[in-house]
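First the structure, in the form of structure tokens, and then the observations on it.
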Amino acid sequence: MDLAPLPTEFFLQKTEVVARKLLGKVLLRVLGESVLAARIVEVEAYLGSDDPASHAYRGPSKRNQSMFLAGGTCYVYLSYGVHYCMNVATGKPGVGEAVLLRALEPLEGEKQMR
């Protein structure tokens, strides 16, 4: 399993390309003495101001400002007061496009993820 971090340039590609290439990648977090790892198995591409389903559709706001930062920046929000959703911004600053990490398969540290 390749756990090398993705280079910044990876996230500067077209959003649809980044979304496809993220499938199968492993999201890794070191939390104290523990390692949490999960494989990305489902994603959604959001295309900024051209995409009515995107949080960036109406432009930058305090809530979505992370989507307008440089590719590779995480945008995390609470959905319906229940679930945290993680997106990764794509493209150059100001674009407002991102990929939602919709589903992950736990590989290590599943108990701590719950």
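Letter by letter, the sequence shown follows residues 1 to 114 in our numbering.
We treat Cβ as the ideally placed atom computed from N, Cα and C, and that holds for glycine.
As the structure is a prediction and not an experimental result, all values here were calculated from the model.
Here L104 has L27, A38, R39, I40 and V41 as same chain residues with Cβ atoms under 7 Å from its own Cβ, once five neighbours each way along the sequence are excluded. Between the region 7-21 and the region 79-86 there are fewer than three inter-stretch CB-CB distances shorter than 8 Å, so the stretches are not counted as touching. Spanning the alpha carbons of M113 and L36 requires a straight line of approximately 8 Å.
With a threshold of 16 other beta carbon atoms within 10 Å, H55 meets it and is buried. Burial state of A98 is buried, judged by a 10 Å Cβ sphere holding 16 or more other Cβ atoms. In the DSSP annotation of this structure, the continuous segment of the beta strand (DSSP E) that includes L27 starts and ends at V26 to L31.
Around the beta carbon of V43, a 10 Å sphere encloses 16 or more other beta carbons of the protein chains shown; the residue is thus reported as buried. Under a 10 Å Cβ-count criterion, A4 is classified as exposed, with fewer than 16 other Cβ atoms of the shown protein chains found around its own Cβ. Boundaries for R102: no alpha helix (DSSP H) harbours it, while the beta strand (DSSP E) harbouring it runs E97 to E108, taken from the DSSP string.
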